[in-house]
Amino acid sequence: MSQKALLALADGSLFRGQSIGVCGESIGEAVFNTAMSGYQEILTDPSYARQIVTLTYPHIGNTGACSGDEESSRVHAAGLVI
1 MSQKALLALA DGSLFRGQSI GVCGESIGEA VFNTAMSGYQ EILTDPSYAR QIVTLTYPHI
61 GNTGACSGDE ESSRVHAAGL VI
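Counting from 1, position 20 in the sequence shown corresponds to residue 20 in full-length UniProt numbering; the numbering is continuous, with no gaps.
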């Protein structure tokens, strides 16, 4: 079930949307990724630790998930914006 969400940037910009994950707060550096696939690798890549990743390609989740595509055993990104 989705909840209302707010993305607040350091410059004061506010973006409202819907949360489709765990409820709560997250703090991190906002970054982006333009890949058309590989979101599972992005989320589990330790180099994205403490970062909120914005994906620019909207078809996320259409291919499912496979444990062989994980970069590590857990999610390192602080958040994901689709």
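C-beta: ideal position from N, C-alpha, C; glycine also.
Distance CB(residue i)-CB(residue j) smaller than 8 Å
i	j	result
Q51	G21	no
L14	A8	yes
S26	G61	no
T54	A35	no
T44	R74	yes
Where residue i falls, given that 16 or more other Cβ within 10 Å makes a residue buried
i	result
Y57	exposed
Q40	buried
G64	exposed
A77	buried
Identity of the residues DSSP links to residue i by a beta bridge
i	result
S19	Q3
I52	A30 and G79
L14	A8
Coil, strand or helix - residue i by DSSP
i	result
G38	coil
G79	strand
L9	coil
T63	coil
Limits of the beta strand (DSSP E) - the one that residue i falls within
i	result
N33	E29 to N33
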